[in-house]
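Heads up: the structure comes next, in structure tokens.
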Amino acid sequence: MLLKAGVDISRLRPEIRKKLNVIEEIMETRGYPLVITSTYEGTHSASSLHYANLAVDIRLPDIRTYDYVEALRKKLGHDYDVVAESDHIHIEYDPKSI
421 MLLKAGVDIS RLRPEIRKKL NVIEEIMETR GYPLVITSTY EGTHSASSLH
471 YANLAVDIRL PDIRTYDYVE ALRKKLGHDY DVVAESDHIH IEYDPKSI
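Residue numbers (my numbering): 421 to 518.
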């Protein structure tokens, strides 16, 4: 797992931190290292779960972004949102009530 300069994962809450190994496994089995580009630092929307330490952004791997996003969604489960943005993949813990 690699961290972009200035990224701090020490504040991540257990709900998202415990999934970093899962995210890393998915990336590495497809030949791409996990690079976390943002947690709470940086500029996010006011209601962003980054500020609650429940979200990470990771570097986009390549043009097969859809494959990574789908694999992450399946492996992480319904309590996690995985969104492909223009320059990164956003992953957040956002449990849905049933």
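All residues carry an ideal CB built from backbone N, CA and C; glycine is no exception.
Pick from the options that is closest to residue i, judged by C-alpha positions
i    : options                   : result
L422 : H464, V442 and R479       : R479
E444 : D514, P481, P453 and Y488 : P453
E490 : G462, D514, R450 and E435 : R450
Cβ-Cβ distance between residue i and residue j below 8 Å
i    : j    : result
R431 : Y460 : yes
D466 : T485 : Note on residue identity: the sequence assigns Ala, not Asp, to residue 466. Cβ distance not < 8 Å, so A466 and T485 don't count as in contact.
K495 : I429 : no
Beta-carbon proximity list for residue i, same chain, < 8 Å, skipping 5 on both sides
i    : result
K516 : H498 and D499
R433 : A472, N473, L474 and Y513
Beta-carbon proximity list for residue i, same chain, < 7 Å, skipping 5 on both sides
i    : result
T457 : K424, V427, D477, I478, R479 and H508
L440 : M421
E435 : L474 and Y513
Residues near residue i by beta carbon distance below 6 Å, same chain, minus five either side
i    : result
L469 : A475 and E512
V502 : V489, L492, R493 and I511
Cβ distance (whole Å) where residue i is taken to contact residue j below 8 Å
i    : j    : result
P481 : Y488 : 6 Å
Within-8 Å CB hit, residue i to chain B
i    : result
S467 : This model lacks chain B altogether; it includes just one protein chain.
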